[in-house]
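> Before I ask anything, here is the structure I am working with.
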Amino acid sequence: KETGDPNAARRYFARGRGESSLLSVTTVLIAATVIISLSAILSAEGLFLYDAFQLDKVAVARGEYWRLWTVTLVHGSPDPGFFVPSLGHLFFNMYALYLTGPIVERWYGPARFLLFYLLCAAGGSIASFTFGGEAPSVGASGAIFGLFGLLLAANRFHHPVDRGSRMLVSQLGFLVIVNILFGFAIPNIDNAAHIGGLVTGLWIGTVWPPTQVETIATLWQRTRDAVARRAKVPIFVPVL
Numbered sequence: 428k429e430t431g432d433p434n435a436a437r438r439y440f441a442r443g444r445g446e447s448s449l450l451s452v453t454t455v456l457i458a459a460t461v462i463i464s465l466s467a468i469l470s471a472e473g474l475f476l477y478d479a480f481q482l483d484k485v486a487v488a489r490g491e492y493w494r495l496w497t498v499t500l501v502h503g504s505p506d507p508g509f510f511v512p513s514l515g516h517l518f519f520n521m522y523a524l525y526l527t528g529p530i531v532e533r534w535y536g537p538a539r540f541l542l543f544y545l546l547c548a549a550g551g552s553i554a555s556f557t558f559g560g561e562a563p564s565v566g567a568s569g570a571i572f573g574l575f576g577l578l579l580a581a582n583r584f585h586h587p588v589d590r591g592s593r594m595l596v597s598q599l600g601f602l603v604i605v606n607i608l609f610g611f612a613i614p615n616i617d618n619a620a621h622i623g624g625l626v627t628g629l630w631i632g633t634v635w636p637p638t639q640v641e642t643i644a645t646l647w648q649r650t651r652d653a654v655a656r657r658a659k660v661p662i663f664v665p666v667l
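At position 132 of the sequence shown the residue is numbered 559 (our numbering), and the sequence of numbers has no breaks.
The following block contains the structure:
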């Protein structure tokens, strides 16, 4: 950094934290969601994309289970009158994913992050299907609330040694409460998906400790192992 190359400095410290310099899963998810959502909002074929990807409860009941996950790829509405709210829906969800996704990747690795994202999306969609009424749903909010819950539970129960990330995670609880209250107060918000994703993420974060960063438990175990090894080292006293 002192040589005037901040990009190289970021890559160096990312490697020190165990992060890959390759394209992250978070970046791929954001890119795919933005491309498909903007195509649905802006293009003439937008209605087709909504019909194909949205969480249509009747279609799911007929066996179109892929909609449990494709719902995360479309946001807003094809109605031109909802252009600005549609962009806002996409922006806030992707900003939340931009903040939380890298932390989950750093704590669990990219493969597990993708698995957890899909599980949280499914949890939110199943809750929406069961409790959210008959209207179709769109958006990645269920999956993102799942990431919120995962980070809150993992931070609370496993105490990962990642001070910078934990400071951000500690602020998520207030954000979750405010958004759920808004979901009850504002019409046409699928709060069932939010709560379903949140509960799924809380469960995952509770039962699955971080695997890519140290936690209080792993540090304690490592300290105990080191003490045990030192206790077994024989001491040789020279004979004069």
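For every residue, glycine included, the Cβ atom is placed at its ideal position computed from N, Cα and C. Computed from a prediction, not measured in an experiment: that's the story for all the values here.
What residues match up with S564 in a beta bridge as DSSP calls it?
DSSP output for S564 lists L482 as bridge partner(s).
> From the DSSP output, in three-state form, read off P507 for me.
Three-state DSSP puts P507 in a helix.
> Express the C-alpha separation of L546 and W630 in angstroms, rounding to a whole number.
Going by the C-alpha atoms only, they are around 11 Å apart.
> With DSSP collapsed to three states, give me the class of T638.
Residue state, collapsed to three classes: coil.
> So which of H586, H502, I462, L574 has the shortest CA-CA distance to R478?
Contrary to the premise, residue 478 reads as Asp rather than Arg in this sequence. D478 has its Cα closest to that of H502, out of H586, H502, I462, L574.
> Do you know how far the Cα of Q598 is from the Cα of L456?
Whole-angstrom Cα-Cα distance: 24 Å.
> Considering Cα atoms alone, identify which of W534, I468, L542, G528 is closest to F509.
It is I468.
> Rounded to whole angstroms, what is the Cα-Cα separation between R583 and V634?
Whole-angstrom Cα-Cα distance: 12 Å.
> List the whole-angstrom C-beta distance separating N520 from G566, where the pair is believed to meet the contact cut-off of C-beta under 8 Å.
Contact holds; Cβ gap of about 6 Å.
> Can you find the residues in the same chain that come closer than 8 Å, C-beta to C-beta, to G600, ignoring five residues on each side of it along the sequence?
Correct list, in chain order: L579.
> Could you pull out every residue in the same chain whose Cβ sits closer than 8 Å to the Cβ of R494, ignoring the five residues on either side in sequence?
F480, Q481, L482, D483, A486, V487, S552.
> For the alpha helix (DSSP H) that P537 lies in, which residues bound it at each end?
Element bounds for P537: 537-558.
> Which value, in whole angstroms, describes the spacing of the CA atoms of Y439 and A458?
Because the pLDDT of Y439 is 49, which lies under 50, any placement of that residue in the model is unreliable, and the number read from its coordinates should be weighed accordingly. C-alpha separation (whole angstroms): 25 Å.
> Between P637, G559, T627, H586, which has its C-alpha nearest A570's C-alpha?
The candidate whose alpha carbon is nearest that of A570 is T627.
> Count the other C-beta atoms from every protein chain shown that fall within 10 angstroms of the C-beta of N560, then say buried if there are 16 or more, exposed otherwise.
It is Gly, not Asn, that sits at residue 560 in the sequence shown. Looking at its Cβ environment, which holds fewer than 16 other Cβ atoms inside 10 Å, G560 is exposed.
> Just to check my reading of the structure: K646 and V588 have Cβ atoms closer than 8 Å, yes? What is that Cβ distance to the nearest angstrom?
Lys is not the amino acid found at residue 646; the sequence shown has Leu there. Confirmed, Cβ separation roughly 7 Å.
> Does the Cβ of P614 have 16 or more other Cβ atoms within 10 Å, making it buried, or fewer, making it exposed?
By the neighbour-count rule (16 or more Cβ atoms within 10 Å), P614 is not buried but exposed.
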